[in-house]
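When the count follows UniProt numbering, it moves up by one through the sequence shown with no breaks and lands on 303 for the last residue.
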Amino acid sequence: MNLKFNSRTGSTQIAVRCLLVVLFVVVGQFVQAQVNESTIRSEVSIYVNGPFSKLSYGNANIKTSINDGIGFGVNYGLYFTDYITLRSGIEYQYFKGNATFTQMQGNYDAIDPDGERFEFRYNLLDYQEKQNVSYVQVPLLIQYESRGQKTTHFYIAGGIKLGFNVSADYQAEADNLLTSGYYAQYDALLDAPRFIGFGNFGNYKTSKEDLKLRTNYIASFETGIKINSKKKNAIYIGLFIDYGLKNLIDEQMGANTIQYQPSNPSAFSSNSVITSTQSGATNYLNELRTLSFGYKIRYGFSL
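The structure is reproduced here in structure tokens:
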């Protein structure tokens, strides 16, 4: 992780904190004004959103795709005026990632069961890794409603969300795994036997393994229509987009995608491309950010 990347991450965090301070100051002024006028109204709403999500890898050489991503939550809205609301609450958001490599190669120094040093080499064909990530998010949004007809209004909302990772895992597979070992002291390249960890292992598949991801900052925007009912409740139908501002990759990287184990050479351990490096040098991924978008349906109860 280089200095340029760290500077960008630090700038993002400072910008988010400054925005939070500004929002709290503005909120404080509005709340004080409303308390003085004794005209505070509020609303509790429940909602569901989806169906699209994506983990953006920040590497043009990795094939990615849009995946399923459902979310739901509850929030509380405090009306400053008849048209402006501060909203916060708690929500759940699911993300699904899919990283595909036509070919993945790597090599690094290792020690065999006899204590001999060698260079372990591996080659994976048609490697595919799927990640499942869940976040609990706390939004802080400002919503504006138009002065339209009594029953139907246009609305727009925006702000930031703070996301806490509650679960993350990955599972990988490849059409073929080929390994070998180069012993420089003997100038010998071994592609067998398999019980030492060298050879053609055919189809390769890992079990589900946990991932460690950082806390997330998200820029959020939504817009749509609000339909009021006779009971002063409301249905919101709109579009939304949430974009992660922070790189979620933990700084502790440098693992190998296929890890040689001297105690059991033919049973390799695995690591996600999120935490792995190419031949112990360059990261497979420059960054990892979240993206979710689609439709949002909300039902509000006026208090």
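In this text, a Cβ means the ideal position worked out from N, Cα and C, and glycines have one as well.
| Check | Outcome |
| --- | --- |
| Under the assumption that residue 261 contacts residue 269 (Cβ atoms under 8 Å), give the Cβ distance between them as a whole number of angstroms. | 6 Å |
| Quick check: what's the CA-CA separation for residue 42 versus residue 81? | 10 Å |
| Can you give me the C-alpha to C-alpha distance between residue 135 and residue 167, rounded to a whole angstrom? | 7 Å |
| In the DSSP output, which residue or residues are listed as bridge partners for residue 179? | 122, 199 |
| Please list, in chain order, all residues of the same chain as residue 118 whose beta carbon is under 7 Å from its beta carbon, the five residues on each side excluded. | 110, 112, 181, 182, 183 |
| Counting Cβ pairs closer than 8 Å, one from the region 85-93 and one from the region 137-148, do we hit at least three? | yes |
| In terms of residues, what are the limits of the beta strand (DSSP E) holding residue 266? | Premise fails: residue 266 is in no beta strand (DSSP E) and is neither H nor E. |
| For a test of the three-state rule: what should DSSP assign to residue 194, helix, strand or coil? | helix |
| In angstroms, rounded to a whole number, what distance separates the CA positions of residue 120 and residue 66? | 35 Å |
| Applying the criterion that 16 or more other CB atoms from any shown protein chain within 10 Å of the CB defines a buried residue, is residue 292 buried or exposed? | buried |
| Can you find the residues in the same chain that come closer than 6 Å, C-beta to C-beta, to residue 54, ignoring five residues on each side of it along the sequence? | 66, 291 |
| Taking residue 103 as the reference, give the member of 302, 303, 173 with the closest Cα. | 173 |
| Around the C-beta of residue 155, are 16 or more other C-beta atoms found within 10 angstroms, so that it is buried, or is it exposed? | buried |
| Looking at C-alpha atoms only, which residue of 254, 276, 300, 288 is the closest neighbour of residue 64? | 288 |
| Taking the straight line between their C-alpha atoms, what separation do you get for residue 267 and residue 128? | 19 Å |
| Give the DSSP-derived three-state secondary structure of residue 113 in the structure shown. | coil |
| Using the DSSP secondary-structure output, state which residues sit across from residue 168 in a beta bridge. | 133 |
| Please classify residue 131: is it buried, with 16 or more other beta-carbons within 10 angstroms of its beta-carbon, or exposed? | buried |
| For residue 157, count neighbouring Cβ atoms within 10 angstroms of its own Cβ and tell me buried if that reaches 16, exposed if not. | buried |
| In chain order, what residues of the same chain lie with their CB nearer than 6 Å to the CB of residue 153, ignoring the 5 residues before and after it? | 145, 146, 226 |
| Which first and last residues belong to the beta strand (DSSP E) in which residue 293 is found? | 289-302 |
| What separation, rounded to the nearest whole angstrom, lies between the Cα atoms of residue 215 and residue 163? | 6 Å |
| Mapping DSSP to helix, strand and coil, what is residue 210? | strand |
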